[in-house]
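Residue numbers (this note's numbering): 5 to 261.
Encoded structure:
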């Protein structure tokens, strides 16, 4: 597997509800394709905070169309869990059970993208948790990172960028900017690769965020000139509030005002 089915629609829009509705109007879709597209429509509905619609869409998919072990079933579990979490039920047993089932059911190496997705969601709702049989020094984030880094699938490898980025901010919050800088730098490398290979607006945005984050960590580490140079480069590309605020702080620190 390379990118998941329908990833092109997600690359085109942040919440491609209309695109999935148009796709589902095509009577040439196979039963598995239609069922899988419905899971993604449900995701769009959840992102739009229409949780009742998301659950209704998922519940309308017959169990016979999402056999256990199939990609459709794993994606159904992921979106059911996401809809529950986003509607304020992150700590409920059913929510965690959906993500654990998705993690356990994605046994085919070709499904490792979704296995990492499930581990990533479990890290969000149960930061210190781990799968059964994991060592005490492991958690859902480290498991997800290990899977992403060892995958032969480029799409799965890109999960590492999000996971490392989140871990970097955890390090910043823990007052460990040097560790954060190393993690942000790794994320930037991955985001640059993604943008170079596929320069979509989404990849451009995430690459830009990764560069800003590196500069933010550099400032915290006392490397203010390097941080200023990156922020200035970002400002010349696009004038945004986060960049403007950082430049103001750095100018004052460097005596450039």
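Note that beta-carbon positions come from the ideal geometry of N, C-alpha and C, so glycine has one too.
Count the other CB atoms, across all protein chains shown, that sit within 10 Å of the CB of residue i; report buried if there are 16 or more and exposed otherwise.
i           : result
residue 3   : Residue 3 is absent from the model: the chain starts at 5 and stops at 261.
residue 250 : buried
residue 214 : buried
residue 143 : buried
residue 235 : buried
residue 35  : exposed
residue 71  : exposed
residue 12  : exposed
residue 242 : exposed
residue 20  : buried
residue 68  : exposed
residue 83  : buried
residue 119 : buried
residue 157 : buried
residue 49  : buried
residue 95  : exposed
residue 114 : exposed
residue 8   : buried
residue 217 : buried
residue 29  : exposed
residue 175 : buried
residue 97  : exposed
residue 145 : buried
Tell me, to the nearest whole angstrom, how far the beta carbon of residue i is from that of residue j; I am working on the premise that it is less than 8 Å.
i           : j           : result
residue 62  : residue 43  : 7 Å
residue 191 : residue 231 : Incorrect: roughly 16 Å between the Cβ atoms, too far for contact.
residue 221 : residue 181 : 5 Å
residue 255 : residue 248 : 11 Å between Cβ atoms; not a contact.
residue 151 : residue 123 : 7 Å
residue 198 : residue 187 : That belief does not hold up - the Cβ atoms of residue 198 and residue 187 are roughly 17 Å apart, past 8 Å.
residue 204 : residue 15  : 5 Å
residue 81  : residue 106 : 4 Å
residue 155 : residue 116 : 5 Å
residue 99  : residue 129 : 6 Å
If distances are taken between C-alpha atoms only, which option among the options comes closest to residue i?
i           : options            : result
residue 153 : 194, 175, 134      : 194
residue 253 : 175, 91, 118, 227  : 227
residue 17  : 209, 109, 223      : 209
residue 91  : 147, 75, 123, 54   : 54
residue 64  : 73, 39, 75         : 39
residue 239 : 223, 259, 212, 256 : 212
residue 102 : 196, 121, 149      : 121
residue 167 : 224, 127, 219      : 127
residue 58  : 41, 162, 74        : 41
residue 229 : 50, 258, 206       : 258
residue 77  : 51, 25, 111        : 111
residue 134 : 117, 108, 114      : 108
residue 149 : 37, 163, 138, 28   : 163
residue 207 : 223, 196, 73       : 196
residue 47  : 177, 233, 79       : 79
residue 237 : 27, 219, 223       : 219
residue 51  : 30, 129, 86        : 86
residue 178 : 10, 189, 224, 146  : 224
Kindly examine the ligand PLP and report whether one of its heavy atoms sits closer than 7 Å to the Cβ of residue i.
i          : result
residue 15 : Among the components modelled here there is no ligand, and therefore nothing to report on the ligand PLP.
Taking only runs that begin and end inside the stretch 72-103, name each unbroken alpha helix (DSSP H) of 4 or more residues, in chain order. 75-88
Enumerated in chain order, which unbroken segments of the beta strand (DSSP E) with a length of 3 residues or greater are wholly contained in the stretch 168-215? none
Ignoring anything shorter than 4 residues or poking outside the stretch 103-170, list the alpha helix (DSSP H) runs there in chain order. 116-129, 144-154, 158-161
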